[in-house]
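Undergrad:
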Amino acid sequence: MTIAEGIWQQIFNFDNYGELLALVRNSLIAGVALGLVGGLVGVFVIMRDLPFAVHGISELSFAGASAALLLGVNIVGGSIVGSLIAAGAIGLLGSRARDRNSVIGTLMPFGLGLGVLFLALYKGRAANKFGILTGQIVAVDTPQMSWLLATSAVVLVALMVMWRPLAFASADPEVAEARGVPVRALSFAFMLVLGLAVALSVQIVGALLVLTLVVTPAAAAARITASPVLLPVLSVLFAVASIEGGILLALGSSIPISPYVTTISFAIYLVCRLIGTYRTRQWGARETVPESV
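Counting in my numbering, the sequence shown runs from 57 upward without gaps.
#1: Is residue 157 helix, strand or coil when you go by DSSP?
#2: Applying the criterion that 16 or more other CB atoms from any shown protein chain within 10 Å of the CB defines a buried residue, is residue 236 buried or exposed?
#3: Between the C-alpha atoms of residue 288 and residue 96, what's the straight-line distance to the nearest angstrom?
#4: Pick out the complete alpha helix (DSSP H) segments inside the stretch 66-133, 4 residues or longer, and give them in chain order.
#5: Quick one: using the 10 Å Cβ neighbour count with 16 as the cut-off for buried, is residue 321 buried or exposed?
#6: Specify the secondary structure class of residue 175 as computed by DSSP and reduced to three states.
#7: Quick one, which of 255, 223, 244 has its alpha-carbon nearest residue 99's?
#8: Let's see if you can read the secondary structure: which residues bound the alpha helix (DSSP H) around residue 305?
#9: Beta-carbon separation of residue 317 and residue 299 under 8 Å?
#10: Measuring only the C-alpha atoms, how far is residue 333 from residue 130?
#11: Which of the three DSSP states, helix, strand or coil, is assigned to residue 271?
#12: What are the boundary residues of the alpha helix (DSSP H) that includes residue 313?
#13: Tell me where the alpha helix (DSSP H) around residue 238 begins and ends.
#14: Quick one: grab the DSSP three-state call for residue 181.
#15: For the 8 Å Cβ check, are there 3 or more pairs between the stretch 268-275 and the stretch 78-95?
#16: I need the DSSP call for residue 266, collapsed to helix, strand or coil.
#17: Would you be able to state if there are at least three C-beta pairs under 8 Å between the stretch 165-177 and the stretch 120-128?
#18: Could you say if the stretch 250-266 and the stretch 204-224 meet the contact criterion of at least three C-beta pairs nearer than 8 Å?
#19: Measure the alpha-carbon distance for residue 133 versus residue 201 and round it to whole angstroms.
#20: Pick from 162, 337, 269: whose alpha carbon is nearest that of residue 88?
#21: Taking 6 Å as the limit between beta carbons, can you name the residues of its chain near residue 231, skipping five residues before and five after?
#22: Whole angstroms are fine: how far does the CA of residue 267 sit from the CA of residue 103?
#23: Could you have a look at residue 206 and say whether DSSP puts it in helix, strand or coil?
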């Protein structure tokens with residue numbers, strides 16, 4: 057076997073695929089829930105220009121998950137606690153964009169440093185450490201899935217309740233505030249919802265690549281539509297396709313799940329960007345053509 061064949065075998069190996077498929081039943085179910093959550097939350101992340109906040113929250117989520125691993129308690133719970141602390145701090149201290157970015161820039165290295173410290177103190181399996189950073193495919197057991205589904209339900213219910221006023225406040229905060237919409241309270245509430253969504257995503261794609269579920273699908277959808285109905289639908293479809301496709305491809309390999317999910321997500325974004333660029337040029341060309349008399 058050549059080196060190239062060996063590498064290909066590591067990346068794509070479908071031997072005994074049917075038997076392996078039964079091992080990721082919980083992961084596939086969790087993937088649908090995470091795709092739904094990430095796709096919907098991502099719409100507001102793009103509208104409110106919060107991709108940097110997602111990355112900052114993921115670092116504290118990583119620290120919380122690492123602390124839970126060290127203490128031998130529920131990793132999902134630790135990840136959620138870390139995310140909520142980061143989201144609450146950003147929401148309280150960063151009302152303006154410049155202040156918010158300063159808070160995030162301060163939290164990121166702190167969270168990353170704590171996470172590295174906790175993992176260095178952990179003497180268990182190295183795979184557990186690696187999984188927090190890059191995601192895991194078969195590690196979603198029944199208790200963990202219960203946490204994931206319950207937290208996903210909380211996020212979805214919260215989004216349903218605040219969707220219309222949050223969309224108004226995100227599109228035009230000044231007018232929304234003048235109309236009596238509680239803009240600051242909604243902003244803080246959404247940061248907490250975002251924290252929960254980030255904590256959920258960390259369980260599958262890891263802390264380093266959480267942007268691929270919470271930001272990229274919505275960014276891709278925004279390239280091809282501005283419809284308030286179609287945008288969240290496409291964002292969810294892109295997120296679910298990325299994570300489910302990543303799980304199914306990673307199942308037959310020794311590579312972590314995150315490269316597959318990120319590659320699919322980026323490919324979707326690239327196609328949408330090309331479509332958006334083509335449409336823009338087409339409309340531009342039509343506007344320059346003089347009308348016939």
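Just so you know, even glycine gets a beta-carbon here, dropped at the ideal spot from N, CA and C.
TA: Put simply:
#1: helix
#2: exposed
#3: 6 Å
#4: 73-77, 81-103, 107-127
#5: buried
#6: helix
#7: 223
#8: 286-306
#9: yes
#10: 45 Å
#11: coil
#12: Unbroken run through residue 313: none, as it is neither H nor E.
#13: Note, residue 238: premise wrong, no alpha helix (DSSP H); not H, not E.
#14: coil
#15: yes
#16: coil
#17: yes
#18: yes
#19: 12 Å
#20: 269
#21: none
#22: 15 Å
#23: helix
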